[in-house]
Amino acid sequence: MSELLPLFPLSTVLFPGMRLPLHIFEERYRLLVAQLRAQPEPRRFCVIAIRKGREVGAHGITALHEVGCVATVREITPHADGRFDLATVGTERFRLLRVDDSLPYFQGEIEPLKDEAVSGTGEAEAFAVNRVQAGFRAYLNALADRGGGVISVADLPEEPVFLSYVVGAAMIIDLPERQSLLAAPTSLDRLRLERSLLVRETAMFRATTSRPAPDYAFEQFSQN
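In the numbering used here, the protein residues as written are 121 to 344.
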């Protein structure tokens with residue numbers, strides 16, 4: 121079933137289980153946060169990537185991507201001048217059905233988007249999980265070697281869907297590629313695409329010194 125939720129277009133992609141801090145300063149989004157504060161928990165809104173346009177300004181957005189992620193507010197910190205800091209976490213993917221512009225901020229009619237279940241893929245998923253885990257560690261090592269950074273890798277998730285979200289959020293890739301990962305119909309599709317991206321990016325890091333890497337610490341993100 122569809123529902124209408126506040127829409128927060130950004131120049132980034134949010135994955136389920138990943139944290140997203142936000143600094144709210146535009147008047148229309150101050151109104152959004154004020155209305156969220158007046159609601160009972162869970163306080164939710166939709167994060168969706170901008171296809172064309174810019175984040176700031178009432179007329180800056182001309183097109184949005186079709187798939188986004190619902191964000192749940194964990195903490196709201198108000199400032200004396202009316203700004204807010206939000207601590208949020210992604211919870212579930214959605215498909216945008218239509219945009220409502222009757223309020224100062226956009227609202228979106230959305231439907232939940234679950235990973236499609238495909239029978240007989242258990243062995244293929246297990247194989248993809250192992251390949252992506254190994255590829256991600258090689259990617260981080262190559263990143264550290266070129267940037268002189270220190271890599272700390274916790275135990276990577278074994279569950280295919282969550283692993284696909286963690287790796288998708290952690291890779292340094294362009295927004296369209298990250299959006300393609302979010303929109304992948306199944307975790308197996310997402311893992312296979314990530315494996316290809318990891319091989320490509322690792323080879324690039326090892327072939328050139330033109331992309332210095334900062335210190336990079338990886339921790340398992342909360343799914344809650």
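C-beta: ideal position from N, C-alpha, C; glycine also.
Span of the alpha helix (DSSP H) around residue i
i	result
Arg203	Premise fails: Arg203 is in no alpha helix (DSSP H) and is neither H nor E.
Leu302	Leu295 to Ala303
Gln155	Glu147 to Arg157
Val286	Pro280 to Ala290
Nearest-angstrom Cα separation, counted from residue j out to residue i
i	j	result
Val209	Val167	10 Å
Val187	Ala327	34 Å
Leu223	Leu152	10 Å
Gly242	Gly137	23 Å
Ala290	Asp205	23 Å
Gln155	Phe214	22 Å
Leu124	Phe165	9 Å
Leu318	Gly202	42 Å
Val238	Glu245	10 Å
Glu212	Val252	22 Å
Glu147	Ser122	28 Å
Phe325	Thr306	28 Å
Gln299	Ala191	16 Å
Ala77	Asp220	As shown, the chain starts at 121 and ends at 344. That puts residue 77 outside it, with no answer to give.
Pro160	Glu195	13 Å
Val286	Asp309	15 Å
Arg171	Phe135	17 Å
Asn344	Arg163	Unreliable placement is indicated for Asn344, whose pLDDT of 35 sits below 50; no coordinate value is reported for it.
Glu278	Ile230	30 Å
Counted within 10 angstroms of its Cβ, other Cβ atoms place residue i as buried (16 or more) or exposed
i	result
Leu301	buried
Ser284	buried
Gly255	buried
Arg320	exposed
Ser131	exposed
Thr182	exposed
Ile292	exposed
Pro126	buried
His185	buried
Ser342	With a pLDDT of only 37 at Ser342, under 50, the local geometry of the prediction cannot be trusted, and no value is derived from it.
Beta-bridge partners of residue i, as assigned by DSSP
i	result
Arg218	Glu229
Gly242	Bridge partners of Gly242: none, in fact.
Lys172	Ala183
Leu142	Leu206
Glu321	Looking at the DSSP assignment, Glu321 forms no beta bridge with any residue, so it has no partner.
Val167	Phe128 and Cys189
Glu314	The partner list for Glu314 (beta bridge, DSSP) is empty, contrary to what the question assumes.
Glu212	Val190
heavy atom of the ligand ATP below 7 Å from residue i C-beta
i	result
Gln227	Summarising the ligand content, the structure contains no ligands, and the ligand ATP is consequently not present.
Continuous beta strand (DSSP E) stretch holding residue i: start and end
i	result
Thr192	Val187 to Pro198
Glu123	Glu123 to Leu130
Short CB-CB distance (under 8 Å) between residue i and chain D
i	result
Phe226	Here chain D cannot be found, since the structure has a single protein chain.
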